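What follows is a short report on a single structure.
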Amino acid sequence: MVRVCKNRSEESMSNSTGCRCGEHNETTVPSINVLDIPHAVRHGAVIGAITQLPLGGELDVVAPHNPLPMMAQLEDVAPGQFARTYITEGPEQWTVRFTRR
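1 is the number of the first residue of the sequence shown in full-length UniProt numbering; add one for each residue after it.
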């Protein structure tokens, strides 16, 4: 799993257990808004993030449409490994929570 530190000084403090930026014990579910990702790499980036979740880990994906095509691609890559729950369903925004089983 890749861990991202916010700045270089935090990165330099990292060791074999990951960085020490203090953002790995968050109590809120992290989210990705797909509009922040270039369209050409959007599905790959989101699927990559979802497949890096630990067992029981959750990620909310926010999209301007029902992300059924991306969910089908995820199922092809990792069949049966993720539960999904709709948090919001349109008409202007969909939020789907993915949980690693």
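The C-beta atom is built at its ideal place from N, Cα and C for all residues, glycine as well. Bear in mind that the values here come from a model prediction, so they are computed numbers and not experimental data.
In this structure, residue 73 lies near residue 43, with their beta-carbon atoms less than 8 Å apart. Nearest neighbour of residue 34 by Cα position, chosen from 27, 28 and 48, turns out to be 48. Just so you know, the alpha carbons of residue 99 and residue 59 end up roughly 7 Å apart. According to the DSSP assignment, residue 74 belongs to no beta strand (DSSP E) but to the alpha helix (DSSP H) extending over 68-77. Closest in alpha carbon position to residue 82, among 69, 36 and 57, is 57. Our two residues, residue 85 and residue 65, have alpha carbons roughly 15 Å apart in a direct line.
Taken in chain order, the complete beta strand (DSSP E) segments of 3 or more residues contained in the stretch 36-71 are 58-63.
When secondary structure is reduced to three states using DSSP, residue 96 falls in the strand class. DSSP places residue 84 in the uninterrupted beta strand (DSSP E) bounded by 82-89.
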